[in-house]
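Residue numbers (the numbering used here), protein chains in the order written: chain Y, 9 to 325; chain F, -15 to 102.
We put the CB at the ideal spot given by N, CA and C, even for glycine.
First comes the structure, then the notes that go with it.
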């Protein structure tokens, strides 16, 4: 009996990728609101209202997708473990065993509680207390994925380092890639409001600072993760895990190139006096942000696969 | 052009997704050692793995040359280590079959033999 034959196939990979992307978007949206939008929009109530409505929709939809895909993840794993159909897996007690007797099950229950808390916070977001609590719940929702993956099973003291690096990696990825979605909404709205470029410049500058912090965290935590999971250049080159990681790094590098163009070329042009130049820069930023979102979603698909592969370090001595 | 790139990349991801079905905890070493001969019958078999294990979904059985179980039942799992006690056994070849679930929710299985006798 192959307990896990189905768990690591296409449906599991797709479910994981969708779950990672949706969780990152809801977290990134709340981080963007707290760090970028709320300070920039403080004195711009006319622009703030439609933006807040849009981001509320994004947060609710991505939270709903995260919950549904998270439940699907648990069910797929249970079916695979028990070698049973969906109905049998639920009625036979296999689902109860997975939820109560595995770390993945315990973490999944905690994450569901965080998602419910986040939903309450989104419903009562007019209060600062609920907004900050919601941000905490969202960060917990993305960071706790670390306890379901490779980092959770790394033994000894190295396991703590691996978990810490993974928590930072997931949170930084959500802040940057997830934050691109509300950024695209805000820049898209700006194209129809000439004369509001000062607001876009403020937003882009704030997001740029958030992006630099996120990228630095991603690189540092990524090096630690790669050191533990890949271990050597040889393993990076000859294993499927290593080759897919290189593809991930190439996509990451492409995203960084677009981010550099935004910061070094387009952002300064937003500050120039010519309205035409400003609008051109805004269009360029909008286009690049959408491209970065596309790359980011592809990265989540790659991560969905990576988690199902043998870490390279385990295959090469 | 973008559509072509997407068409090229999706099969690549599917290949990675289906190419290596996940099994992450590998046997690091065991006592009695894999393939070794021990003079005195062991009281238990202990296996050490490369990753942390889920106790509820990790099992090990030990059988003699006739295929009869000589272990006492449920394995004891702690961290990366799994052990099972043995009933009193005589000389001969013993087969150890293990199946473990690592904490990152991937399974692996394997087997080895050891011999008892002079």
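Check                                                                                                                         : Outcome
Cβ pair residue 59/F, residue 43/F closer than 8 Å                                                                            : yes
Partner residues on chain F for residue 31/Y, Cβ-Cβ distance less than 7 Å                                                    : Per Cβ cutoff of 7 Å: no residues; residue 31/Y is ~17 Å from chain F at best.
Minimum C-alpha distance to residue 62/Y - residue among 41/Y, 73/Y and 75/Y                                                  : 41/Y
Enclosing beta strand (DSSP E) for residue 82/F [first to last residue]                                                       : 76 to 85
Buried or exposed by the 16-neighbour rule on C-beta atoms within 10 Å, applied to residue 20/F                               : exposed
Interface partners of residue 105/Y on chain F, CB under 9 Å                                                                  : 40 and 41
Contacts that residue 111/Y makes with chain F (C-beta to C-beta distance below 8 Å)                                          : 38 and 87
CB contact below 8 Å: residue 12/Y versus chain F                                                                             : Confidence at residue 12/Y is low in this model, with a pLDDT of 35, below 50, so the placement of that residue should be treated as unreliable; the coordinate-derived value is given next. Chain F contact via Cβ: present.
Closer than 8 Å at the beta carbon, the chain Y residues around residue 63/F                                                  : 163
Residue 128/Y, buried or exposed, once every other Cβ within 10 Å from all chains shown has been counted against 16           : exposed
Any chain Y beta carbon closer than 8 Å to residue 35/F                                                                       : yes
Residues of its chain near residue 94/Y, where Cβ-Cβ distance is below 8 Å and the 5 sequence neighbours each way are ignored : 83 and 87
Rounded Cβ spacing between residue 14/F and residue 86/F (contact assumed at less than 8 Å)                                   : Not quite, the Cβ-Cβ distance comes to about 17 Å (not below 8 Å), so this is no contact.
Straight-line gap, residue 191/Y to residue 297/Y (C-alpha atoms, nearest Å)                                                  : 8 Å
Three-state class that DSSP yields for residue 164/Y in the structure shown                                                   : helix
Which listed residue (62/F, 32/F and 47/F) has its alpha carbon closest to that of residue 77/F                               : 47/F
Cβ of residue 2/F within 8 Å of any chain Y Cβ                                                                                : Because residue 2/F carries a pLDDT of 41, less than 50, the predicted location of this residue cannot be relied on, and the following value inherits that uncertainty. True, the Cβ-Cβ gap to chain Y drops below 8 Å.
Rounded Cβ spacing between residue 289/Y and residue 278/Y (contact assumed at less than 8 Å)                                 : 5 Å
DSSP three-state assignment for residue 49/Y, whether helix, strand or coil                                                   : coil
Contact set between residue 257/Y and chain F, taken where Cβ atoms lie within less than 7 Å                                  : Under the 7 Å cutoff, chain F gives no residues; its nearest Cβ is about 15 Å from residue 257/Y.
Short Cβ contact (8 Å threshold) for residue 309/Y with residue 25/Y                                                          : yes
8 Å Cβ cutoff met for residue 82/F and residue 63/F                                                                           : no
Residue 132/Y - DSSP class collapsed to helix/strand/coil                                                                     : coil
Short CB-CB distance (under 8 Å) between residue 143/Y and chain F                                                            : no
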